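Asker: Would you mind keeping the following structure in view while I ask a few things?
Number of protein chains: 2
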Amino acid sequence: MPEKHAKEIFKEFREHSIAEFFKKNRQMLGYSGPVKSLTTVIHEYLTNSLDACEEAGILPDIFVQIKRLGPNYYLVINEDNGPGIPKNYVGKAFGTMLAGTKFHRFQQARGQQGIGGAGCVMFSQITTGKPTKIITSTGKGVIFEADISIDVKTNSPKVSNAREYPGTMRGTRIETHLKHVKYQKGEQSPDEYIRRTALANPHARITYIDPDGIQVVYDRVVDKIPKIPKKTKPHPKGVEVDDLMTYASVTKARSIKGFLVNDFTRFSTKKVKELQEMLDFDLNKTPQSLTWEEAEKIVKAIKKMNFIAPPTDVLIPIGEEHLRKALQNILEPEFERVLTRPPAIYRGGVPFIVEVAIAYGGKAGRKSNNKESVEHQMEIMRFANRVPLLFDAGSCAITKAVQSVNWKKYGIQPEGPITVLVNFTSIHVPYTSAGKQAVADEEEIVKEIRLTLMDAARRIGIFISGKRKKYEKEKRLQEFMRYIPETAASIAKITGESEEVIRKRLEQIVKEKYDVEEGGKENGEQERQNGS
Amino acid sequence: MPEKHAKEIFKEFREHSIAEFFKKNRQMLGYSGPVKSLTTVIHEYLTNSLDACEEAGILPDIFVQIKRLGPNYYLVINEDNGPGIPKNYVGKAFGTMLAGTKFHRFQQARGQQGIGGAGCVMFSQITTGKPTKIITSTGKGVIFEADISIDVKTNSPKVSNAREYPGTMRGTRIETHLKHVKYQKGEQSPDEYIRRTALANPHARITYIDPDGIQVVYDRVVDKIPKIPKKTKPHPKGVEVDDLMTYASVTKARSIKGFLVNDFTRFSTKKVKELQEMLDFDLNKTPQSLTWEEAEKIVKAIKKMNFIAPPTDVLIPIGEEHLRKALQNILEPEFERVLTRPPAIYRGGVPFIVEVAIAYGGKAGRKSNNKESVEHQMEIMRFANRVPLLFDAGSCAITKAVQSVNWKKYGIQPEGPITVLVNFTSIHVPYTSAGKQAVADEEEIVKEIRLTLMDAARRIGIFISGKRKKYEKEKRLQEFMRYIPETAASIAKITGESEEVIRKRLEQIVKEKYDVEEGGKENGEQERQNGS
């Protein structure tokens, strides 16, 4: 007999709340290490502010401040000019995990989990014992203010000090105290997070005051509110059997035919006819009577059919023009190339679109610490729905795709002042973790990013390799030129000729010879490149 | 005015269940890509079986089979001789996320989230539409059988076809159908997962039948059930203010003094006295009256105090002897070194212990595909509480620690037949994601793993570098020897001496000369190494 019987073991069987789970596993929300934890809070609030403004059709004007209150003790303030939060939702919006306006919608947004905002409140509360102060107004002359914390056992909000007073603000201001965090400059700092957010959101104005009181204003480069991504329906391609069964069980349509036309995008009555011809059962029956086997047959048939690509107005990328302006504004590169491919679809019928920008020169590239070897390294900037991803690069589909490209083939040396920016835009971003720092390496996603990168590399490679050669050429020319005065002086002594005349003659020779040589080389390489 | 008012936006505010969340974000549970998804299922069930056996004090005997039913369609069977599950818990154990026996315990176990088992049931159901069959018995002559699926909307079990019948089995058998999965050999295959599980669990007997019907039996190397890790209490060192407040609010003790002694390990009445002397308030008051500020003072004071290390019987690593036997059994290395350091503590007062094994030669190391360069590469085997981690290596504290070691300094070439095994044992493993594939890089954890690795490298480096030199020496010797017959023949022709005599003389000269030369070199390097 076992030492311990099942009955005894299962006496300890319990259910636990999602808040308890994430309190114990706060690292899954991005709260591991003092530097990452601070950036995570900035990330969650800034993301929510941008989403709120965009959804309401407001040009975002956001104020972020980090105040140092003591060693590893800070106050974070995030204020936006968004639509505000109706007072009866404030508690749940900040004090309940798995709640929000975005999870059930089939619509592009930065946030999608309904966890992040409440996660910040919880992290604040477990490190300082303090609630988070929310001041919000929907712009009708009344301001609502309350302190929110989470009852972790029940995953429900505790609201205190609630009060209303007249005022003209519209938007939301959050004040949250944090301990076990550390402000530190660098690639994973709040500074960098905000800089990259500005880069990918050229329509936003962000004012940022760091703990040393230094203010940076990222002014908007474009004055147009980005189009609001339309709510959409799943695209037939990529829909899985379970999705079909789930949608069929809740549809209001009375027949499978109607269900397909109503509940999917790009499923015309003509397409339904085409489908019917491939099936051995009648699509006029009720959606609720659809069996798993029949749904499997539909999915199989769909795989053989052609559909129009998903509508483009459901995915709003940054846009080539805006991205170019933003790059010029922030990286000041010598040149840049921005590229977008048509939308693609990954499992579940979820559409996505990949934007790639490659910038060369100026502030592009990552400065290498090793002074002896290279000065620069390729910098990879990852974004998902315009949100910068600063952590977990190693497990991200974007990193995987960038590393899979043979850059040298396109004449691009990874050791150079190059920034490769990838923005993955989708109705649903498949993050690897609730901390939302890496895109899962779904096959279709990695493939599409890779193709876009290769396309961009092809278009920019010739230019970069030309630039590099020109730079190397100039360096060599300068090298030759350095020796000319000395040589000229020597020859003048021997021949009695004027030093000035000899110097000029020598310079002419070097320049001529050099141009011929280099010109020849370049043509040769060009040919090889075209041939490969 | 904004285009869309807050009231309108918040009409869409909803709560969603944890099952809905993980259905949409199944990649967070390890279900991304067909190969990883299959291994994830094997991982979840095998882990649960091992935990169940160990907790009940049973030597595990586990049967795993993967049956191919069609293209990308499989049946997975996992049967153990564990304690079984009482019938009234079967539904919740497999059909509710965030439920289980392990989450609230402060005790080492493989599982800890209460998500994994139900995750498999959900993945099976959304890919095949089928429930998972559970056959279980607690060994009292009655077998319980039922089909379980999850009501995703409510995160609750749906039990069907439940029946009871007499029988003599004890344990649990799971049969689950899976689509969108693919069996494939390789480093992230079920085969490799099971091989590594056997390596870290030498007390388990695992019988595995792969989809081609090939059976592998990993017999137990040791016949002793590992000690059951004792339930413990948090250690004062590392406890945070919020932990203290939470524990204080639920303690049965009547004074803070009593609370500290009862609810923590290593907090003796003597230690409480020492603490009292450092504080400006009375520890005789009730735990419920403890304020955040007072708790902060206690935590600060604790940081200045010394405590005995956590008890060792709460952490049960594989053990040096068992690990050595397992390595010899599975990797058959030329030699190996196993090292454990005393337990350490990370944030929250959670104790952990690091085991490192380095194996050289035999089947150790990862075979490189590139035949032209190196034959082998260092293989990193990561384990957490004896569970193999096959995915997300890039974001794991173990990988980070291994990469931070300057192996060459210890005479170890990363290009060699070397396997570095790290087993991280803890009351709570801080995984980066609910998929449990990488340990978060908490500072204390990376540091401790790194120190253990360096310690092991120091002890084994001299040996490996000697081995490598011996191998290179032999290779060079063979090179010399190859030319001797030819040279001997030539000399014989010229001098008229016997070819045989000349050959032997030459061989002797080469061997003597070679030994002196090499011996000298070796000593020289030895010195340098000791000096560095």
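Line by line, the protein sequences give chains H and X. Just so you know, numbering that gives the first Met the number 0 puts the end of the first sequence at 531, numbered straight through with nothing missing. Just so you know, numbering that gives the first Met the number 0 puts the end of the second sequence at 531, numbered straight through with nothing missing. Using N, Cα and C, we set each Cβ at its ideal position, and we do this for glycine too. Everything numeric in this text was worked out from a predicted model, so none of it was measured.
Report the residue ranges of all beta strand (DSSP E) runs contained in full by the region 332-393 of chain X; include only those spanning at least 3 residues, in chain order.
Answerer: Here the runs fully enclosed are 334-339, 343-345, 349-359, 378-383, 386-388.
Asker: Given leucine 330/X, which residues of its chain have a CB within under 7 Å of its CB, disregarding the five upstream and five downstream residues?
Answerer: What you label residue 330/X is simply residue 331 of the second sequence in a count that begins at 1. Within the same chain, leucine 330/X has close Cβ partners Ala358, Gly361, Lys362, Ala363, Thr418.
Asker: Is glycine 257/X helix, strand or coil when you go by DSSP?
Answerer: Working through the second sequence from its first residue, we reach residue 257/X at position 258. Helix, per DSSP.
Asker: Are the region 53-69 of chain H and the region 23-34 of chain H touching by the rule of at least three beta carbon pairs closer than 8 Å?
Answerer: Because the criterion of three Cβ pairs below 8 Å is not met, the region 53-69 of chain H and the region 23-34 of chain H do not touch.
Asker: Starting from valine 141/X, find everything on chain H with Cβ-Cβ shorter than 8 Å and list it in chain order.
Answerer: Taking the second sequence and counting its residues from 1, the one referred to as residue 141/X is at position 142. What valine 141/X touches in chain H: nothing, since even the nearest Cβ is about 12 Å away.
Asker: What does the alpha-carbon distance come out to for the pair glutamate 354/X and valine 428/X?
Answerer: Along the second sequence, read from residue 1 onward, the residue named residue 354/X stands at position 355. Along the second sequence, read from residue 1 onward, the residue named residue 428/X stands at position 429. Looking at the two C-alpha atoms, the distance is approximately 15 Å.
Asker: Skipping 5 residues on each side, what residues in its chain have a beta carbon closer than 7 Å to that of alanine 49/H?
Answerer: The residue you call residue 49/H lines up with position 50 of the first sequence. Reading off the sequence shown, one finds leucine at residue 49/H, where the question assumed alanine. Answer for leucine 49/H: Pro59, Arg109, Asn200, Ala203, listed in chain order.
Asker: Flag glutamine 525/X as yes if its beta-carbon sits less than 8 Å from any beta-carbon of chain H, otherwise no.
Answerer: If you number the second sequence from 1, residue 525/X lands on position 526. Residue placement at glutamine 525/X is poorly supported in this model, since its pLDDT is 37, which falls under 50; the coordinates still yield a value, given next. No - not a single Cβ of chain H is within 8 Å of the one on glutamine 525/X.
Asker: Out of curiosity, what's the CA-to-CA distance linking lysine 466/X and lysine 408/X?
Answerer: Here the question's residue 466/X lines up with position 467 in the second sequence. Here the question's residue 408/X lines up with position 409 in the second sequence. Taking the straight line joining both Cα atoms gives about 16 Å.
Asker: Suppose contacts are defined by Cβ-Cβ distances below 8 Å. Is alanine 356/X in contact with leucine 326/X by that definition?
Answerer: For the purposes of this step, residue 356/X is taken as the residue at position 357 of the second sequence. For the purposes of this step, residue 326/X is taken as the residue at position 327 of the second sequence. In contact: alanine 356/X and leucine 326/X (Cβ atoms closer than 8 Å).
Asker: Can you tell me where the alpha helix (DSSP H) holding isoleucine 297/X begins and where it ends?
Answerer: Residue mapping note: residue 297/X aligns to position 298 of the second sequence, counting from 1. Per DSSP, isoleucine 297/X belongs to the alpha helix (DSSP H) from 291-303.
Asker: Are valine 180/H and leucine 243/H touching if we call contact CB-CB under 8 Å?
Answerer: The residue given as residue 180/H occupies position 181 in the first sequence. The residue given as residue 243/H occupies position 244 in the first sequence. No, Cβ-Cβ distance for valine 180/H and leucine 243/H is not below 8 Å.
Asker: How do the region 28-45 of chain X and the region 150-159 of chain X stand: do at least 3 beta-carbon pairs fall below 8 Å, yes or no?
Answerer: The answer is no - the region 150-159 of chain X does not touch the region 28-45 of chain X, with fewer than three Cβ pairs under 8 Å.
Asker: Go through its chain and collect everything with a Cβ distance to valine 63/H's Cβ below 6 Å, but skip five positions before and after it.
Answerer: Here residue 63/H refers to the residue found at position 64 when the first sequence is read from its first residue. Closer than 6 Å at Cβ, skipping near neighbours: Asn77, Tyr207.
Asker: Would you call the region 9-17 of chain X and the region 94-103 of chain H touching, i.e. three or more CB-CB distances under 8 Å?
Answerer: Verdict: yes, contact present.
Asker: Report the option in Lys23/H, Glu295/H, Ala92/H whose CA atom is closest to the CA atom of lysine 129/X.
Answerer: Looking up residue 129/X in the second sequence gives position 130. For the residues Lys23/H, Glu295/H, Ala92/H, the minimum Cα distance to lysine 129/X belongs to Glu295/H.
Asker: Among Gly138/X, Ala145/X, Gln187/X, Asp190/X, which one has its Cα closest to the Cα of glycine 166/X?
Answerer: Here residue 166/X refers to the residue found at position 167 of the second sequence. Checked all of Gly138/X, Ala145/X, Gln187/X, Asp190/X; the closest Cα to glycine 166/X is Gly138/X.
Asker: Quick one: which chain X residues come within Cβ less than 7 Å of glycine 113/H?
Answerer: Looking up residue 113/H in the first sequence gives position 114. The answer, in chain order, is His15.
Asker: According to DSSP, what are the bridge partners of alanine 145/H?
Answerer: The sequence position of residue 145/H within the first sequence is 146, counting from 1. Per DSSP, Ile133/H.
Asker: By DSSP, does isoleucine 463/H sit in helix, in strand, or in coil?
Answerer: Here residue 463/H is taken as the residue at index 464 of the first sequence, counted from 1. Note: isoleucine 463/H maps to helix in three-state DSSP.
Asker: Let me confirm a value: threonine 171/X is counted as buried when at least 16 other C-beta atoms fall within 10 Å, else exposed. Which label applies?
Answerer: Taking the first residue of the second sequence as position 1, residue 171/X is located at position 172. By the neighbour-count rule (16 or more Cβ atoms within 10 Å), threonine 171/X is buried.
Asker: Entirely within the region 10-73 of chain H and at least 3 residues each: give me those beta strand (DSSP E) ranges in chain order.
Answerer: Listed in chain order, they are 60-69.
Asker: How big is the Cα-Cα spacing for asparagine 405/X and isoleucine 224/H?
Answerer: For the purposes of this step, residue 405/X is identified with residue 406 of the second sequence, where counting begins at 1. For the purposes of this step, residue 224/H is identified with residue 225 of the first sequence, where counting begins at 1. For asparagine 405/X and isoleucine 224/H, the distance between alpha carbons rounds to 52 Å.
Asker: Any beta-carbon of chain H closer than 8 Å to the one on asparagine 522/X?
Answerer: Locating residue 522/X in the second sequence gives position 523, counting from the first residue. Low local confidence applies: a pLDDT of 38 at asparagine 522/X is under 50, so the model's placement there is unreliable, and no value is given.
Asker: Ignore the nearest five residues each way along the sequence and tell me which others in isoleucine 379/X's own chain have a CB closer than 6 Å to its CB.
Answerer: Along the second sequence, read from residue 1 onward, the residue named residue 379/X stands at position 380. Excluding sequence neighbours, isoleucine 379/X sits near Val401, Val419.
Asker: Whole angstroms are fine: how far does the CA of alanine 392/X sit from the CA of serine 403/X?
Answerer: Numbered from its first residue, the second sequence carries residue 403/X at position 404. Numbered from its first residue, the second sequence carries residue 392/X at position 393. Going from the Cα of serine 403/X to the Cα of alanine 392/X covers about 14 Å.
Asker: Could you name the residues of chain H that tryptophan 291/X contacts, counting a contact when the two beta carbons are closer than 7 Å?
Answerer: The sequence position of residue 291/X within the second sequence is 292, counting from 1. Residues of chain H passing the Cβ test: Gly128.
Asker: Check the Cβ-Cβ distances between leucine 97/H and every residue of chain X, and say whether any is below 8 Å.
Answerer: For the purposes of this step, residue 97/H is taken as the residue at position 98 of the first sequence. Chain X, which has a Cβ nearer than 8 Å to the Cβ of leucine 97/H, makes this yes.
Asker: Between the Cα of histidine 375/X and those of Glu485/X, Ile411/X, Lys35/X, spot the shortest distance and give me the residue it belongs to.
Answerer: Locating residue 375/X in the second sequence gives position 376, where the first residue counts as 1. Ranking the options by Cα distance to histidine 375/X, first place goes to Ile411/X.
Asker: For a quick check, are the C-beta atoms of asparagine 422/X and phenylalanine 382/X less than 8 Å apart?
Answerer: The residue given as residue 422/X occupies position 423 in the second sequence. The residue given as residue 382/X occupies position 383 in the second sequence. Contact: yes.
Asker: Strictly by DSSP, which residues pair up with proline 82/X?
Answerer: Stepping through the second sequence from its first residue, residue 82/X is reached at position 83. Note: proline 82/X sits in no beta bridge, so no partner.
Asker: Thinking C-alpha only, which one of Phe105/H, Ser36/H, Ile84/H, Ala51/H is nearest asparagine 71/H?
Answerer: Residue numbering aside, residue 71/H sits at position 72 when the first sequence is read from its first letter. That would be Ser36/H, whose Cα lies nearest to the Cα of asparagine 71/H.
Asker: Can you pull the chain H neighbours of histidine 4/X, defined as C-beta to C-beta under 7 Å?
Answerer: To locate residue 4/X, count along the second sequence from 1; it is residue 5. Here the neighbours are Pro82, Thr137.
Asker: As a quick exercise: from Lys468/X, Ile459/X, Ala92/X, Tyr345/X, pick the residue whose alpha carbon is nearest that of glutamate 11/H.
Answerer: Your numbering for residue 11/H matches position 12 in the first sequence. The residue with the shortest Cα to Cα distance from glutamate 11/H is Ala92/X.
Asker: What does DSSP give as the partner residue(s) for tyrosine 430/H in the beta ladder?
Answerer: Here residue 430/H is taken as the residue at index 431 of the first sequence, counted from 1. Val438/H, per the DSSP bridge assignment.
Asker: Leaving aside the five residues before and after arginine 31/X along the sequence, list all residues of the same chain whose C-beta is less than 8 Å from its C-beta, in chain order.
Answerer: Residue mapping note: residue 31/X aligns to position 32 of the second sequence, counting from 1. The sequence given here places serine at residue 31/X; arginine does not occur at that position. Answer for serine 31/X: Arg25, listed in chain order.
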